[in-house]
Each structure stands twice: as structure tokens, then as C-alpha cells.
Amino acid sequence: MLRQISIIWKVQRHPVAMFAVIGCLLLFALSGYSRLQLDVDFSDYFAGSDPRLTALNSMTEQFERHDKLWMLLESDNDWRDSNEEQALKAFLVMLNNDPNISSVSGYNQFVLGMAKTEKILSYKAHPRLSSVLSADGHAILLQLQLDSSKVSDFATQSLWLNALLTKLDNTSHAYWQPLNVRVHFNGTHALNWQYAKVLVHDLSWFAPALLGIIFLMALLFIRQKAWVLALTLNNVITLLLTLGVAAWFKLTLAAISAFIPVIIVTLGLAYGSHLYFGWRSQLTAGASVAEALRYTVKVNQAPLFYSSITTIFGFSLLTLSPSPPIQSFGILVAFAVLCNYLLCLTSLIFFAKFSTPTSSQILNFDKVVDVAKYNARQPKAVIGGILLLSALALVSVSKLTLNDDPLSYFESSTPFSLSSQKMAQYFSGINLQHYVVSSLRDSQIDKTEISFIYKFSRYLKKQPEVIKVQHIGDWIKAAGIGQTQFRQLLSQNNVNQLGLASELAKDKRASLVTLYLKPMTAKELIRFESKVDAWLAAQNLNVGVSQPLGSNLLFAHLSVDNANNMLLSFAAALIALAVLLSVLKGSLIYGVIGLLLNFLPLLWVFALWQLNGGFISLGTAVVLAMMLGIIVDDTLHLMLKLPNTHPLRFNSESKGIAGASADSLWLSLQQVLPVISFTTLTITMGFSIGLLSEFAPISQLSLLSCLVVVFAWGFDVLMLPVLYLWWLVEKSKAMSVKLKADQQ
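Basically this note's numbering = 1-based index in the sequence shown + 406.
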């Protein structure tokens, strides 16, 4: 560490070169901004190599699924009434004249008489009418196919989609509002549109909130213009460089990425404050600005180094997630922490040299030490209470379940959530799952495949999770034809001529079975998948059946895999923390104490989360990996500044060391506890900004992170002194007495 400190002051002797390097890095970062991947797409959460995603995309290409954009029209009147029908026909003319819409299907086919033209249904009732007209006639569905030829006119596909859907939404509402008809959009395009709007909303709130926190912290605690300027500049540089990394490496960004700037700025302010408060304490003691700077660098460089390493390690563990945006999340924050560490020991120190001491009284946390001293007077009660509550917390945490539901990520008042509610109210909802049934004879589907589809459908309809099942047999029944006649129709016409392109592959060798499921959590979806797989395994299959395909099921598996990986990451981080502290302090006991101080806050927070109906989701699982790397920072700052007192170092001549160690403990805590109280307040306020988000993973991550930080501070303040005095000093006293008795 002495060599690093020496390098720090050598760099300060060459400020021009230092800022030239920073400037070159900024120019390099800025030059890559054109490569930024700014499209917001639901599918970004899945790795391109995911076999489930590959199978889903293959199914989409194999069958014509025109369900990317649904328009639901809700009226107080029956759409089959003549007045409503005339208004709808005029609206359909307007849609067909829109150059951005390539085709319109759905209920309009029945209004315009197009649904009866298919050869398979020359005179029979259409089996899909109930899918586009509600039972009471008050809601209809239109499927819109968008013309993507003008995407290149926009910087990103998200901007194109936003412009197109905003225009379509405005014109539709303007047409239908006088007629008291409500317009709702659903489907993949509507989902991506909602994601983009959430991202814009969050960034528009996060930016001013961060500036407000910096101003508030400066006003209440720092009040040094040079330090505030330096801390702000460091955060700006770090953000620009981090954005450059995202651009040059084409990292995947998503709605959850909006929280990255919040974490970067919050941690930057918190870490830099350690140097400030060390500098401030020396000024109070009568040192000059230069002497105070040298002192704060000397005492804080090692804790800053190791805390940065642990934070980088914690966020790097997010790369073990199967989701690219979460991997990018970890990479970008880890890089930002590295940048902030280097800037704290370069540009921050440079600007701090120009600060002038002031005598103005600032707020402080000196009373925190008094609370810690009072608490340390009853160690047995404290330890007993912690053991009891931790045991209860273990019981609570054991009941945590995986209940993730990506369709509930948005607030109930958002347009996509409202449209999803309407889809469930009038139709069969939006929780779809598909099975591809194919021929094993490399020929078009025949009696064998049709018979299995009927059998499979009967089984599925008996399941309580299933609302409706659609398959090609519906058309055969509706047409009133036998399988022989159907075989002839199939051989004489292509799938488009038959109007079966959405349920029959172009080569006619595979057919699609579509399930409409009740709203289900990730765990329930996977349980249902296993149940169906077990039934299929028990059959003597002579047809090919794909794995279940659907975006909700895909996300369910992602949530499970992500949660499992984050749990493993959390365990690895705990072990690494214990080893690091044991090595740095030269005793396994310190490693155990550090492990407890950082494991128990997470345990207690997740126990409370479960008691309040919380569950494991995409956002909460991320907390496990990333927060350990953050809360361990304060533990490192505390423990690295504590005297190395442990039983193994006591001998017959150690009389009085224990008492001296207790005094040195409080002296060390007097210097460190106020600082970590400030950083805790800063991080809590910063992370609480996420509560303003309209995206559930961010708000959940924000809430749990704030609670973990506060609980970790409580354990550092209330538990560390107790463990140190009781476990180390008292044990050392006992060993000293024993050794003395042995010598006598």
C-alpha cells in the first residue's frame, strides 16, 4: 500500500499529464456513442443462444403469428349493432389507408365478410369468432401488421415504434372518443412500447433526483465548494466513461439499466466522502490542508482499495446471470467503481488542494458512537436477541418462493397493464403457450397426428390452469368434414388458401396447439410444464412434440436460472469476504465476524420481505449478488482500522493489552462510525430514488437495497463492538489469566 500511496503523490506532481489522460479516455468513450444499443425490446432479457428462445423464434417463423400488435376496442354497445358496425367500417378504411399498417385482420374479417372465404369453411361457422368478439359483444380485437420499411429513417427501432404507435394511439382515440369507445393496445409491440416509456419516465425522474441528493449532502454535510465540484466532476467523468464501455462493447441495455446511473453516482459520492471526512477531522485537529490530505490518503487508501475490489467482485458476479441486461448491469457498475476509485485518488485530490478550511458548523454523526457504547454494555442480551431473531429469520426465508411474473412488472395504471386486464376480462388473456406437433414420417400431417392432437387437447382442457385450447381440429369439426376429406383439401391447397397459416406449417408437416392459460407465476408455469411433460412421457408417442413454447414460460425459466445463479454468487461472495478479512487481519475470527455482519442483514431483510408477501423475482435476486459487494465496504473501513487483537497473540506478558484494545476500539470507531453513517445515509437516499420507478424490478431492487444498507449499518454499529469486545478482548483476557496461572 505504501507504494500505491507514493504513486498517488507522484501523479499529483504532473496534473497536466493526469488530465490529458482523462481527456483522451473521454474522447475515446465519446467517439463510440454511435455504437450504443438503445433499442428496448422484451427479448433482450434472453441470451441469443438460449435454446428455448431459438425454438420460440423458429416456431414464429414456421407459423404466421400475427399477434405482435392487438387493438382492443371496448364499447358500451354491442358491436353487432348496425351503428357500431358502420362506425367500425369507417375506422377500418382509415386503418387500411395508413401507410404504416400493412394489414388488418381479426374481427374486421367478419364485418367485411372475409372470414367465410376460406375453402375449408365454405358455409360453416368460423371457430375463431370467439377469439376476436367477446361473449357479450362489447369488445372486439383487431390484429395490426406494421410496415417496417421506414425503420431506417429513425435512429433506433424503439424510436420508430414509439412514433408509429403514438400516432396510431392519438388518431384512434380522436376517432373513437366521441363515440365513447375505449382503445387499448396489446401484444409484443405494445409491450416494447411500454418498456420504452418506462425507461424514459425513470431517467426523467432519476436525473433531477440525483442532483438533488448531491446538493442536499453538500449543503448539510460537506459545504466545501472544491470538494463538491470534484465529487460531481468525478461522477460525470465516470458516467461518460461507463457509457463509452457500453457503446464500444455493444452491451445489452434494458429498462433495468436505468438504475445504473443511480448506483454509480451514489457509490461515487459515498466512497469519496471517506477521503473528505478524514481530511476534515485533521483540519479540526489543527493540521494544514496539505497535511490533512496526506493523512486522509494514508488512512483511507487501503480501505478504499479493498472495498472497491469487493464491490467490483460483487457486481462482476452478475455476469453469471443468464440474462444479458443483468450481465451488462454488473459489468458497467464494476467498471464505474474502478473508475471512481482511480479518480478519487487523482482528480479528487487535485481539486481538494484548493479547498479552504471553514469554521462553519456542519451536521455530523458523533452521537452514533454513544449509541454503540450503550449497546456494548449488555453483550449477552444483544447476542441472544440477534441469535433468536436470526433463527426466526431463517424460518421465514425458507418460505420464500419464486413468484416472478413479467406481465406484472408495470403499475396497474399503465396502458399495457390496463390492456392486459381487458384481454383477460373479455377474452382468454395473454398467457399463451404453444406445442408443435409434427410428423415423424417426413410427410404432411395425417390421421396419426390429428388423432394425437385431439387426445392431447382433451387432456389439456381438463387441467385447471387451462382456459382454452386451440388447434387444427377445431377447423375440421367446424367444417363438419372427415379426416379423409381434410387430407384431400390439404393436398390440393396451400396453407394460405386454406386460411390455416397460423396453425399449420407451410410444408404441412407440423401443426400448432395453442393453450390460453390463467395468469400464473414463474413457479406455477414451470410446475405446469413438468406436469404436461410427465403426461407426454407416459404416452406411446408416434408423433413429434416440441417443448412448450411461450414468452412467459421463457421468462419463468430465466427467473429460475437467474435466482439459482445469484444464490451461488452470493455464497461465493460470502466465502471470498471471509477469506479476505481473515488474511488482512491475520485471524479467522475476523473473517467469521465479517461474514456475520454482512450475511445477517440480508437474511433479516429477506425475512421481512417474505413476511410482507414478497417473493424472489428478477430484481430481488440481483440484490443478493450486488448488495454484498456494497455493504461490505463499511465493514472493511471499520475492521481494517481496528487494532489486531485476538487470543493467539496473547502471552504471559500481555497484561493490560485487552484494556488498551477496548480503548483503541472506541478511538477507531469515533473516527469511522460517523463516516459510515454518512455513507449509509447517502446510499439509502440514492437507492431510494428507484422507488420512483414504474418498473417493478427496479422498485423492488431499490427497496430491498435500502433496507439492506440500513440493516448493515445497524449491525456494524451495534453488533461489531459487542463481538469485538466479547469475542476478542474478553477471550484474550481469559487466555492471559490462564497463561499467567500456568506460569505461577
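Glycine included, every Cβ here is placed at the ideal spot set by N, Cα and C.
Look up residue i in the DSSP assignment and say whether it is helix, strand or coil.
i, result
"residue 510", "strand"
"residue 950", "strand"
"residue 1056", "With a pLDDT of 42 at residue 1056, under the threshold of 50, the modelled position of this residue cannot be trusted, and the question is left open."
"residue 480", "strand"
"residue 658", "coil"
"residue 453", "coil"
"residue 853", "helix"
"residue 873", "strand"
"residue 1063", "Residue placement at residue 1063 is poorly supported in this model, since its pLDDT is 47, which falls under 50; the coordinates are not used for a value here."
"residue 1021", "coil"
"residue 525", "Legend: pLDDT at residue 525 = 48, less than 50; position of this residue unreliable, value from coordinates given subsequently. Helix, per DSSP."
"residue 411", "helix"
"residue 917", "strand"
"residue 1101", "strand"
"residue 1048", "coil"
"residue 373", "Past the edges of the chain, shown from 407 to 1150, lies residue 373, and the structure says nothing about it."
"residue 442", "coil"
"residue 910", "strand"
"residue 421", "helix"
"residue 505", "coil"
"residue 891", "helix"
"residue 759", "coil"
"residue 630", "coil"
Determine the direct distance from the alpha carbon of residue j to that of residue i, and round the result to whole angstroms.
i, j, result
"residue 533", "residue 880", "6 Å"
"residue 419", "residue 985", "37 Å"
"residue 1165", "residue 887", "Because residue 1165 is not part of the residues shown, which for the chain are 407 to 1150, the question remains open."
"residue 976", "residue 1007", "13 Å"
"residue 422", "residue 634", "21 Å"
"residue 373", "residue 438", "Any answer about residue 373 is impossible in this case: the structure gives the chain only from 407 up to 1150."
"residue 453", "residue 1015", "30 Å"
"residue 661", "residue 473", "23 Å"
"residue 1084", "residue 815", "33 Å"
"residue 1166", "residue 728", "Because the chain spans 407 through 1150 in this model, residue 1166 falls outside it and cannot be assessed."
"residue 981", "residue 877", "53 Å"
"residue 820", "residue 593", "14 Å"
"residue 928", "residue 722", "26 Å"
"residue 1028", "residue 799", "20 Å"
"residue 905", "residue 858", "22 Å"
"residue 695", "residue 708", "21 Å"
"residue 1057", "residue 736", "Because the pLDDT of residue 1057 is 45, which lies under 50, any placement of that residue in the model is unreliable, and the number read from its coordinates should be weighed accordingly. Near 47 Å, if we compare the C-alpha coordinates of residue 736 and residue 1057."
"residue 1081", "residue 1119", "11 Å"
"residue 681", "residue 1072", "20 Å"
"residue 855", "residue 458", "23 Å"
Determine the contact status of residue i and residue j, defining contact as a CB-CB distance below 9 Å.
i, j, result
"residue 754", "residue 644", "no"
"residue 743", "residue 714", "yes"
"residue 560", "residue 575", "no"
"residue 956", "residue 843", "no"
"residue 979", "residue 720", "yes"
"residue 640", "residue 514", "no"
"residue 357", "residue 433", "Residue 357 lies beyond the stretch modelled for the chain, which goes from 407 to 1150, so this question has no answer here."
"residue 828", "residue 873", "no"
"residue 775", "residue 1131", "no"
"residue 1092", "residue 619", "yes"
"residue 831", "residue 545", "yes"
"residue 589", "residue 475", "no"
"residue 812", "residue 958", "yes"
"residue 1045", "residue 994", "no"
"residue 623", "residue 675", "yes"
"residue 465", "residue 918", "yes"
"residue 447", "residue 601", "yes"
"residue 845", "residue 915", "yes"
"residue 586", "residue 481", "yes"
So, under 8 Å CB-CB, residue i and residue j are touching, yes? Tell me the CB distance rounded to an integer number of Å.
i, j, result
"residue 1001", "residue 983", "6 Å"
"residue 1094", "residue 1112", "5 Å"
"residue 1039", "residue 716", "7 Å"
Under a CB-based cut-off of 9 Å, is residue i close to chain B?
i, result
"residue 982", "Absent here is chain B; the protein component of the structure consists of one chain."
Any beta strand (DSSP E) of 3 or more consecutive residues that is wholly inside the region 532-592: 545-552, 587-592, all fully within the region 532-592.
Contained alpha helix (DSSP H) runs [length at least 4] in the region 762-847, N- to C-terminal order: 773-782, 785-803, 821-832
Segments assigned alpha helix (DSSP H), at least 4 residues, entirely inside the region 929-986: Here no run is fully enclosed.
Contiguous beta strand (DSSP E) assignments of at least 3 residues, all confined to the region 668-748: none
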